[in-house]
Amino acid sequence: MSTGGNYYFVIVGHHDNPLFEMDFSPTTKEVKKEDHSYLNQFIAHAALDLIDEHVWKTNNMYLKIVDKFNDWFVSAFITGSQIRFIMLHDCKNDDGIKSFFWEMFEMYIKYSMNPFYVQNTKIISPTFEKKSSLYGRKYLVG
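Adding 39 to a residue's 1-based position in the sequence shown gives its number in my numbering.
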């Protein structure tokens, strides 16, 4: 189910603010010296309008690929409360990304039900980060 591409995942809140971000790359590839985090954030932010348009065209939460920028595909998932999960990826892996989104959605719901979590704020949790990394290895980079 997993492939060997690069992935950038971000959860975007109601005010287009990032709630959580994480990069996934295969362990076999050497780490590039260039930092593409700002480019990834730019691509994800630029895709928000397209994602909002796609929401009106379907009843599905998983929107598949909604945009392409150079070598990066942009896939999206929308929760019932309009929180957007965005995945930038450089290879097609629809089944893995869909499974990853569903696992992250379930984990986000559990996290957001915590009475100490203020909705629409940055997610700061080592457990959330660790599980995200686990799901990324399981479904994305293997």
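Cβ coordinates follow ideal geometry from the N, Cα and C atoms, glycine included. As the structure is a prediction and not an experimental result, all values here were calculated from the model.
Would the beta-carbon of N79 fall within 8 Å of that of Y47? Position 40 of the sequence shown holds residue 79. Position 8 of the sequence shown holds residue 47. Yes. Within cutoff.
Nearest candidate by alpha-carbon position, reference Y77, set D62, I90, L89: Taking the sequence shown and counting its residues from 1, one reaches residue 77 at position 38. Nearest option by C-alpha distance: D62.
Minimum length 4: unbroken alpha helix (DSSP H) runs contained in the segment 99–157: Listed in chain order, the alpha helix (DSSP H) runs fully inside the segment 99–157 are 133–151, counting runs of at least 4 residues.
Specify, as a first and last residue, the run of the beta strand (DSSP E) that L58 falls within. Against the sequence shown, residue 58 aligns to sequence position 19. From DSSP, the beta strand (DSSP E) with L58 extends over 57–63.
Nearest-angstrom Cα distance between A83 and V94? Position 44 of the sequence shown, counted from the first residue, corresponds to residue 83. Position 55 of the sequence shown, counted from the first residue, corresponds to residue 94. Approximately 16 Å between the Cα atoms of the pair.
CB D103 to CB S114, shorter than 8 Å? Counted from its first residue, the sequence shown places residue 103 at position 64. Counted from its first residue, the sequence shown places residue 114 at position 75. Residue identity check: residue 103 is Lys in the sequence provided, not Asp. Cβ distance < 8 Å, so K103 and S114 count as in contact.
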